[in-house]
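Peer 1: Residue numbers (this note's numbering): 3 to 240.
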Amino acid sequence: MTKLSVNINKIATLRNARGHNRPDLLQAARDCERFGAEGITVHPRPDERHVRYQDVRDLKQVVTTELNVEGNPTPDFLDLVREVRPEQVTLVPDAPDAITSNAGWDTIKHQVYLIGVVQELKALGCRVSIFLDPDPAMVKAAIATGTDRIELYTEAYASNYAADPAAALAPYRQAAELAQELGLGLNAGHDLDLENLAYLHQNLPGLAEVSIGHALICDALYLGLENTIQLYRRQLIN
3 MTKLSVNINK
13 IATLRNARGH
23 NRPDLLQAAR
33 DCERFGAEGI
43 TVHPRPDERH
53 VRYQDVRDLK
63 QVVTTELNVE
73 GNPTPDFLDL
83 VREVRPEQVT
93 LVPDAPDAIT
103 SNAGWDTIKH
113 QVYLIGVVQE
123 LKALGCRVSI
133 FLDPDPAMVK
143 AAIATGTDRI
153 ELYTEAYASN
163 YAADPAAALA
173 PYRQAAELAQ
183 ELGLGLNAGH
193 DLDLENLAYL
203 HQNLPGLAEV
213 SIGHALICDA
223 LYLGLENTIQ
233 LYRRQLIN
């Protein structure tokens, strides 16, 4: 059964807009777990425009499922991970000024660098996932890094889903099948929502986890957080 990890970055964005602690990010994480989330995802960025580094430290003390910390492995990020030791670290090659993650790693070009980072993170006891486009060459090269999992960057799937679901999914299915052959665990995330999630889940072999934030929080404004988390989990059952 595919696990749902709720990305709470947008809750932190709302909190930061007023400079106080409303909504309370730690309570939101607790509630997400109570409502059925099987993990909590955060992506602290250098400018701390949503989740802050201190939030990550605090979340480690309250999350009882799995804490997944995403980010570009800069020196500051790695220092944070060494301190917090989350259950999973997802390596994302986003620039400091990126609005959101917009590309996967080139695991050929950056292979030596990734090998060193992955080795250190695994030595800390963290499961490691590398953010990838659905490119067979990148999946094949990922195995040499020693990573435990890859996370497929699903923006292209989400963008093309309405026009032709099968065509939108085809490169992702190919990447997923290759990951299975190579013994890599599989995660997915980016722009997944109540419209496109079930089809992805039903047709992507070996999918261990999805991390969803923006769409889920948007839906929660109308449907309520508890109901929304349950609706997303239902997409991952069959």
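Ideal Cβ placement from N, Cα and C applies to all residues, glycine included. Keep in mind the model is a prediction, meaning the values are calculated, not measured.
I'd like the span of the alpha helix (DSSP H) that includes Arg175, first residue to last.
Peer 2: Unbroken alpha helix (DSSP H) run through Arg175: Pro167 to Leu184.
Peer 1: On the DSSP letters alone, give me the boundaries of the alpha helix (DSSP H) that Thr230 sits inside.
Peer 2: Segment Leu227 to Arg236, the alpha helix (DSSP H) holding Thr230.
Peer 1: Ordered along the chain, which non-local residues of its own chain (more than five positions away) have a Cβ less than 8 angstroms from that of His112?
Peer 2: The answer, listed in chain order, is Pro95.
Peer 1: From Gly38, Ile214, Tyr224 and Ala181, pick the residue whose C-alpha is nearest to that of Gly191; which is it?
Peer 2: Closest option to Gly191, Cα to Cα, is Ile214.
Peer 1: Would you call the segment 145 to 157 in contact with the segment 110 to 129, where contact means no fewer than 3 C-beta pairs closer than 8 angstroms?
Peer 2: Judged by Cβ distances under 8 angstroms, the segment 145 to 157 makes contact with the segment 110 to 129, as three or more pairs qualify.
Peer 1: Taking all protein chains shown into account, decide if Val71 is buried (16 or more other Cβ within 10 angstroms of its Cβ) or exposed.
Peer 2: It counts as buried.
Peer 1: Taking the straight line between their C-alpha atoms, what separation do you get for Leu229 and Asp33?
Peer 2: Inspection of the sequence shows that residue 229 is occupied by Asn rather than by Leu. Using only the alpha carbons, I get a separation of about 12 angstroms.
Peer 1: If Ala144 and Leu188 are in contact, beta carbons under 8 angstroms, what's the gap, nearest whole angstrom?
Peer 2: About 11 angstroms separates the two Cβ atoms, so there is no contact after all.
Peer 1: Could you tell me whether the Cβ atoms of Tyr163 and Ala172 are closer together than 8 angstroms?
Peer 2: Their beta carbons are not under 8 angstroms apart, which means Tyr163 does not touch Ala172 by this criterion.
Peer 1: Are Ile132 and Thr109 touching if we call contact CB-CB under 8 angstroms?
Peer 2: Cβ atoms of Ile132 and Thr109: closer than 8 angstroms.
Peer 1: Alpha carbon to alpha carbon, how far is Leu82 from Thr76? Give it in angstroms, no decimals.
Peer 2: Distance between the alpha carbons of Thr76 and Leu82 is about 10 angstroms.
Peer 1: In chain order, what residues of the same chain lie with their CB nearer than 6 angstroms to the CB of Ala14, ignoring the 5 residues before and after it?
Peer 2: For Ala14, where only same-chain residues beyond five positions count, the Cβ hits under 6 angstroms are Leu27, His52 and Val53.
Peer 1: Whose C-alpha, out of Val65, Ala105 and Trp107, is nearest the C-alpha of Glu89?
Peer 2: Of the listed residues, the one whose Cα sits closest to Glu89 is Val65.
Peer 1: With a CB to CB cut of under 7 angstroms and the five nearest residues on each side skipped, what residues in its chain are close to Lys5?
Peer 2: Excluding residues within five positions, the ones whose Cβ falls inside 7 angstroms are Glu40, Gly41, Ala210 and Glu211.
Peer 1: So Leu206 and Tyr174 are supposed to be a Cβ contact under 8 angstroms. How far apart are they, rounded?
Peer 2: Indeed they touch by this definition, with Cβ atoms about 6 angstroms apart.
Peer 1: So Gly38 and Arg235 are supposed to be a Cβ contact under 8 angstroms. How far apart are they, rounded?
Peer 2: Gly38 to Arg235, Cβ: 5 angstroms. Contact.
Peer 1: Note down, in chain order, each residue of its chain lying with its Cβ closer than 7 angstroms to the Cβ of Lys62, except the 5 sequence neighbours on either side.
Peer 2: Once the five neighbours on either side are set aside, the close Cβ partners of Lys62 are Leu69, Val86 and Pro88.
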